[in-house]
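Participant: I am attaching a structure below and will ask some questions about it afterwards.
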Amino acid sequence: RARFAEVLHSLTDDEWRHPSRCEGWTVQDVITHLTSANHFWAISIQSGAAGQPTQFLASFDPVSSPQQMVAQEQGTPVAATLEAFDASCAALAAAVDDLAEGDWDALGEAPTGHVPIRLVADHALWDSWIHERDVVLPLGRTPVVDTDEVLATLRYCAALGRAFEITAGRA
95 RARFAEVLHS LTDDEWRHPS RCEGWTVQDV ITHLTSANHF WAISIQSGAA
145 GQPTQFLASF DPVSSPQQMV AQEQGTPVAA TLEAFDASCA ALAAAVDDLA
195 EGDWDALGEA PTGHVPIRLV ADHALWDSWI HERDVVLPLG RTPVVDTDEV
245 LATLRYCAAL GRAFEITAGR A
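Counting in the working numbering, the sequence shown tops out at residue 265, every number present.
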């Protein structure tokens, strides 16, 4: 996220309005989505580490809910979107930094249900990794390829599809 934030700080206003790979969303819309996701991840991690995993996603629709959240923020100045993103990244980093060794196995909430916080963190990494590419590729920029990130996201993706099938009762 720190690397991605550096890229975002270098964008022009026109680039912020540029379409992303996410259908119907601009770069700014993607960052608005990631800002809310970052806040969720931080709360999920903190609550899980405290032994009280959240249950926010019980009524979350992965198609309509992000669309609604982004629509509510349209018209926000770019500077405010960037400031909110930076703050959300700092909150998520602080939540991860505050974890004790044993907290990584505590249950936190993710779209697949209550899973160990290490998997919540993997989902957060995957989410940012994908959306970084959703932003930089349409702008003609080359994303950074970090082997550890690639391995973590691929490992998580390989399990994610099966996890969604299991939570949908199609084990």
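Heads up, the beta-carbon is just placed ideally off N, CA and C, and yes, glycines get one too.
Any idea if Glu-195 is buried or exposed, counting beta-carbon neighbours within 10 angstroms, 16 or more meaning buried?
Facilitator: It counts as exposed.
Participant: Would you report the Cα separation of Leu-254 and Ala-96, rounded to the nearest angstrom?
Facilitator: In a straight line, the C-alpha of Leu-254 is about 25 Å away from that of Ala-96.
Participant: As a quick exercise: from Leu-248, Asp-242, Ser-222, Val-230, pick the residue whose alpha carbon is nearest that of His-112.
Facilitator: The shortest Cα separation from His-112 among Leu-248, Asp-242, Ser-222, Val-230 belongs to Val-230.
Participant: Near Val-101, what residues of its chain come up, given a Cβ to Cβ distance below 8 Å and the 5 sequence neighbours on each side ignored?
Facilitator: Correct list, in chain order: Glu-226, Val-229, Val-230, Arg-235.
Participant: Any idea what DSSP makes of Thr-120, helix, strand or coil?
Facilitator: Strand at Thr-120.
Participant: Pull up the distance between the alpha-carbon of Val-214 and that of Val-121, whole angstroms please.
Facilitator: Answer to the nearest angstrom: the Cα atoms are 24 Å apart.
Participant: Using 8 Å for Cβ pairs, my map puts Thr-129 next to Ala-178. What's the rounded Cβ distance?
Facilitator: Indeed, because the Cβ distance is near 5 Å, the residues count as touching under 8 Å.
Participant: Mapping DSSP to helix, strand and coil, what is Ala-194?
Facilitator: Coil at Ala-194, not helix or strand.
Participant: Alpha carbon to alpha carbon, how far is Gln-149 from Ala-188?
Facilitator: Rounded to the nearest angstrom, the two C-alpha atoms are 21 Å apart.
Participant: Where does His-127 sit, in a helix, a strand or coil, going by DSSP?
Facilitator: Three-state result, His-127: helix.
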